[in-house]
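Here the structure comes first, spelled out in structure tokens, and everything after it is commentary.
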Amino acid sequence: MSKEEETADVLIRGGLVLAMDDAGSIYRDGAVAVRGSQILAVGPAQEISARFRSDTVLDARGQVVLPGLVNAHTHAPMTLFRGLSDDIALEPWLERIWALEKRYATAENVAAGAELAFAEMIRSGTTTAADMYWQRDAVMETARKAGFRLVNGPSFIDFVGPDGIQLEQRLPLAREFIEKYRDDPLVSVCVQVHTTYTVPPPVLEMARDLAREYGLLFITHAAESRGEMAAVRERYGKTPIEVLDEAGLLGGQTLLAHCVHLSDDEIALLAERRTAVAHCPESNLKIGSGIARIPDFLKAGVTVGLGTDGAASNNDLDLWGEMRTAALIQKGLRYDPTVMPAPVVLRMATIEGARALGLGQVTGSLEAGKRADLISIDLDRLHLTPLFDIYSHLVYAAKSADVRNVMIDGRMVMQDGALLTIDEGGIKERVRRIAEKFAGT
Ligand SMILES: [Zn+2]
283 MSKEEETADV LIRGGLVLAM DDAGSIYRDG AVAVRGSQIL AVGPAQEISA RFRSDTVLDA
343 RGQVVLPGLV NAHTHAPMTL FRGLSDDIAL EPWLERIWAL EKRYATAENV AAGAELAFAE
403 MIRSGTTTAA DMYWQRDAVM ETARKAGFRL VNGPSFIDFV GPDGIQLEQR LPLAREFIEK
463 YRDDPLVSVC VQVHTTYTVP PPVLEMARDL AREYGLLFIT HAAESRGEMA AVRERYGKTP
523 IEVLDEAGLL GGQTLLAHCV HLSDDEIALL AERRTAVAHC PESNLKIGSG IARIPDFLKA
583 GVTVGLGTDG AASNNDLDLW GEMRTAALIQ KGLRYDPTVM PAPVVLRMAT IEGARALGLG
643 QVTGSLEAGK RADLISIDLD RLHLTPLFDI YSHLVYAAKS ADVRNVMIDG RMVMQDGALL
703 TIDEGGIKER VRRIAEKFAG T
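Counting the sequence shown from 1 gives a position; my numbering is that position plus 282.
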């Protein structure tokens with residue numbers, strides 16, 4: 283290594299740096315060097331400062347710097363329906379939401395809902411999310427403008443959606459979407475279907491072939507509620523996992539949201555096939571779907587990320603609350619405080635979530651060569667004093683309001699608590715105006 287100084291665009295220096303890499307690196311007085319969209323180096327501040335020169339130095343003293351959080355499953359534009367249809371079961375909930383979507387899921391409205399969601403996620407330290415919703419072009423363009431890392435893709439259903447598109451039209455449109463975004467440095471594409479009870483096997487196979495053709499991640503909801511289990515059992519005499527397996531959809535590039543109702547054999551099958559799971563504990567609790575057996579998944583070696591699901595069933599997009607819930611419900615349910623320890627839960631919200639989305643080489647940890655997706659948390663707070671164990675604080679005590687700075691793909695999108703890519707007041711106003719139309723529906 284040459285003793286000469288290299289140039290970095292930004293040096294983040296002086297804070298506690300939590301890399302979330304496989305070695306579990308923590309630097310008490312650490313630094314991160316960023317050039318363009320990439321992390322150049324992570325390490326002790328003294329070493330990084332000696333090696334890199336930069337005109338822009340961000341002082342992170344009193345803060346912890348860590349990778350941006352990864353929301354492994356959401357429906358961003360559903361912020362539009364937040365709090366509109368609560369305290370009812372999944373199936374009537376879906377019916378109500380679908381009726382609203384039919385009338386109001388226009389590209390313009392959906393883009394507004396998505397922009398509010400990206401603002402909410404950035405403000406709470408989330409830098410990447412996997413989204414499933416209608417009007418995906420509008421959502422993708424909104425993400426690019428906001429500088430938010432989104433995984434999104436064509437979603438197949440067996441009926442005419444609120445976008446007015448018939449099933450036969452979906453395949454050519456899907457290809458167009460994939461071609462348009464597949465090489466984008468910020469957003470990435472996947473192929474999705476809603477569930478095995480809204481999508482028959484031939485459509486599942488169509489989605490499978492498309493995902494394989496382009497080498498893309500396949501995402502679907504699976505085994506979420508008892509109602510879904512009964513409906514799939516009645517139609518096929520099988521479980522959703524068995525239906526997906528038969529359609530050739532369980533593999534290393536598949537991500538299943540929920541997986542609340544799985545047998546031991548199905549958990550072992552997911553581990554063997556390296557199929558990942560997006561755990562959405564708050565949505566599952568709120569809709570009364572149940573509690574996924576996450577400690578058993580982890581023991582079997584399944585990759586598990588953490589998702590909020592949409593804001594209509596959560597009702598926020600806050601991964602800090604999600605982390606706490608994910609840890610606490612299992613401890614209480616199993617009368618065992620040792621399950622789901624804080625470092626494991628934080629990994630689910632960062633590197634494991636990134637791996638679940640097929641972005642393990644891109645984001646989810648602070649390592650040289652990865653994209654610069656990072657956040658800083660203010661530690662100078664009453665509820666974070668004193669500090670013994672940073673993992674414990676982040677999972678059990680920190681709040682989304684403690685997030686101070688957010689960088690995505692090397693671009694600052696929130697600085698000292700101010701959003702830089704989204705007009706926060708403007709988007710709240712736009713969403714309120716759209717929501718006024720829902721009154722009485
Ligand atoms: Zn969902």
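We treat Cβ as the ideally placed atom computed from N, Cα and C, and that holds for glycine.
Indicate the three-state DSSP secondary structure (helix, strand or coil) for arginine 693 in the structure shown.
Locating residue 693 in the sequence shown gives position 411, where the first residue counts as 1. Strand at arginine 693.
When the Cα atoms are used, what is the spatial distance from methionine 283 to leucine 351?
Counting from one through the sequence shown, the residue named residue 283 turns up at place 1. Counting from one through the sequence shown, the residue named residue 351 turns up at place 69. With a pLDDT of 46 at methionine 283, under the threshold of 50, the modelled position of that residue is not reliable, and no figure is offered here.
Taking 9 Å as the threshold (C-beta atoms), are asparagine 353 and leucine 601 in contact?
Against the sequence shown, residue 601 aligns to sequence position 319. Against the sequence shown, residue 353 aligns to sequence position 71. In this structure, asparagine 353 lies closer than 9 Å to leucine 601 by Cβ.
For phenylalanine 459, the first and last residue of its enclosing alpha helix (DSSP H):
Position 177 of the sequence shown, counted from the first residue, corresponds to residue 459. Counting along the chain, the alpha helix (DSSP H) containing phenylalanine 459 begins and ends at 449–463.
Minimum C-alpha distance to arginine 693 - residue among Val586, Leu293, Lys384 and Ala609
In the sequence shown, counting from the first residue as 1, residue 693 sits at position 411. Comparing Cα positions, the closest option is Leu293.
Please identify the residue among Ser595, Ile460 and Gly640 whose C-alpha is closest to the C-alpha of leucine 538.
Against the sequence shown, residue 538 aligns to sequence position 256. Nearest of Ser595, Ile460 and Gly640 to leucine 538, Cα basis: Gly640.
CA nearest to the CA of tyrosine 650, picked from Ile330, Ile709, Glu423 and Leu492
By one-based count along the sequence shown, residue 650 stands at place 368. It should be noted that the sequence gives alanine, not tyrosine, for residue 650. When each option's Cα is compared against that of alanine 650, the closest is Ile330.
Got a sec? Which residues, its chain only, sit under 7 Å from asparagine 596 by beta carbon, not counting five neighbours each side?
By 1-based counting over the sequence shown, the position of residue 596 is 314. Same-chain partners within the cutoff: Glu564, Ser565, Lys568 and Thr590.
Tyrosine 463 classed as buried or exposed, judged by whether at least 16 other C-beta atoms fall within 10 angstroms
Here the question's residue 463 lines up with position 181 in the sequence shown. By the 10 Å Cβ count, tyrosine 463 comes out buried.
Quick one: what does DSSP say histidine 543 is sitting in, helix, strand or coil?
In the sequence shown, the residue the question calls residue 543 occupies position 261. Note: histidine 543 maps to coil in three-state DSSP.
Taking 8 Å as the cut-off, is the CB of histidine 503 close to at least one heavy atom of ligand 1?
Here residue 503 refers to the residue found at position 221 when the sequence shown is read from its first residue. Yes.
Can you tell me which of Val542, Ser319, Gly635 and Val688 puts its alpha carbon nearest to the alpha carbon of aspartate 466?
Start at 1 with the first residue of the sequence shown, and residue 466 comes out as number 184. For the residues Val542, Ser319, Gly635 and Val688, the minimum Cα distance to aspartate 466 belongs to Ser319.
Report back the beta-carbon spacing between proline 577 and valine 621 to the nearest angstrom; my notes put them in contact at under 8 Å.
Position 295 of the sequence shown, counted from the start, is the residue given in the question as residue 577. Position 339 of the sequence shown, counted from the start, is the residue given in the question as residue 621. Going by Cβ atoms, the distance from proline 577 to valine 621 rounds to 5 Å, so yes, they are a contact pair.
Should the region 696–711 be regarded as contacting the region 394–404, the criterion being three or more beta carbon pairs within less than 8 Å?
yes
Three-state secondary structure (DSSP) at glycine 350?
By 1-based counting over the sequence shown, the position of residue 350 is 68. Coil at glycine 350, not helix or strand.
Enumerate in chain order the residues of its own chain whose CB-to-CB distance from isoleucine 716 is below 8 Å, with the five nearest sequence positions on each side excluded.
Residue numbering aside, residue 716 sits at position 434 when the sequence shown is read from its first letter. Cβ within range, chain order: Leu362, Tyr386, Asn391, Ala394 and Gly395.
Range of the contiguous beta strand (DSSP E) that encloses glycine 312
Position 30 of the sequence shown holds residue 312. Glycine 312 -> beta strand (DSSP E) spans 308–317.
For arginine 295, write down the residues that DSSP places opposite it in a beta bridge.
Taking the first residue of the sequence shown as position 1, residue 295 is located at position 13. Answer by DSSP bridge pairing, in chain order: Ala313 and Asp341.
If you draw a straight line from the C-alpha of lysine 384 to the C-alpha of arginine 517, how long is it?
As a first step, residue 384 must be located in the sequence shown, where it is residue number 102. As a first step, residue 517 must be located in the sequence shown, where it is residue number 235. The straight-line gap from Cα to Cα measures roughly 26 Å.
When you compare only the Cα positions, how much space is there between glycine 642 and arginine 575?
Taking the first residue of the sequence shown as position 1, residue 642 is located at position 360. Taking the first residue of the sequence shown as position 1, residue 575 is located at position 293. So the two alpha carbons sit approximately 24 Å from each other.
In its own chain, which residues sit with a C-beta less than 7 Å from the C-beta of valine 481, not counting the 5 before and 5 after it?
Residue mapping note: residue 481 aligns to position 199 of the sequence shown, counting from 1. Closer than 7 Å at Cβ, skipping near neighbours: Phe438, Ile439, Asp440 and Val475.
State yes or no: is the C-beta of cysteine 562 nearer than 8 Å to some heavy atom of ligand 1?
Counting from 1 along the sequence shown, the entry for residue 562 is found at position 280. Result yes, Cβ under 8 Å from ligand 1.
On the DSSP letters alone, give me the boundaries of the alpha helix (DSSP H) that phenylalanine 579 sits inside.
Start at 1 with the first residue of the sequence shown, and residue 579 comes out as number 297. From DSSP, the alpha helix (DSSP H) with phenylalanine 579 extends over 576–582.
State the DSSP-derived secondary structure class of glycine 572, mapped to helix, strand or coil.
Taking the sequence shown and counting its residues from 1, the one referred to as residue 572 is at position 290. Glycine 572 falls in the coil class under three-state DSSP.
Through-space distance from tyrosine 617 to glutamine 345, alpha-carbon basis
For this step, residue 345 is matched to residue 63 along the sequence shown. For this step, residue 617 is matched to residue 335 along the sequence shown. Glutamine 345 and tyrosine 617: Cα-Cα distance of roughly 34 Å.
Given the structure, does alanine 539 come close to ligand 1, in the sense that its CB is under 8 Å from one of the ligand's heavy atoms?
Start at 1 with the first residue of the sequence shown, and residue 539 comes out as number 257. Checking the Cβ of alanine 539 against ligand 1 gives yes.
Expressed to the nearest angstrom, what Euclidean distance is found between the alpha-carbon atoms of leucine 544 and glycine 296?
In the sequence shown, residue 544 corresponds to position 262, counting from 1. In the sequence shown, residue 296 corresponds to position 14, counting from 1. The straight-line gap from Cα to Cα measures roughly 46 Å.
Status (buried if at least 16 other CB within 10 Å, exposed otherwise) for phenylalanine 670:
Residue numbering aside, residue 670 sits at position 388 when the sequence shown is read from its first letter. Looking at its Cβ environment, which holds fewer than 16 other Cβ atoms inside 10 Å, phenylalanine 670 is exposed.
What number of angstroms, rounded off, separates the C-alpha of lysine 719 from the C-alpha of aspartate 527?
Here residue 719 is taken as the residue at index 437 of the sequence shown, counted from 1. Here residue 527 is taken as the residue at index 245 of the sequence shown, counted from 1. About 42 Å.
Please confirm if the region 674–694 is in contact with the region 420–430, defined as three or more CB-CB distances below 8 Å between the two stretches.
yes
Boundaries of the alpha helix (DSSP H) in which arginine 426 is found, first to last residue
Along the sequence shown, read from residue 1 onward, the residue named residue 426 stands at position 144. Looking at the DSSP string, the run of the alpha helix (DSSP H) that includes arginine 426 is 418–428.
Is the region 695–702 close to the region 401–409, with three or more CB pairs under 8 Å?
yes
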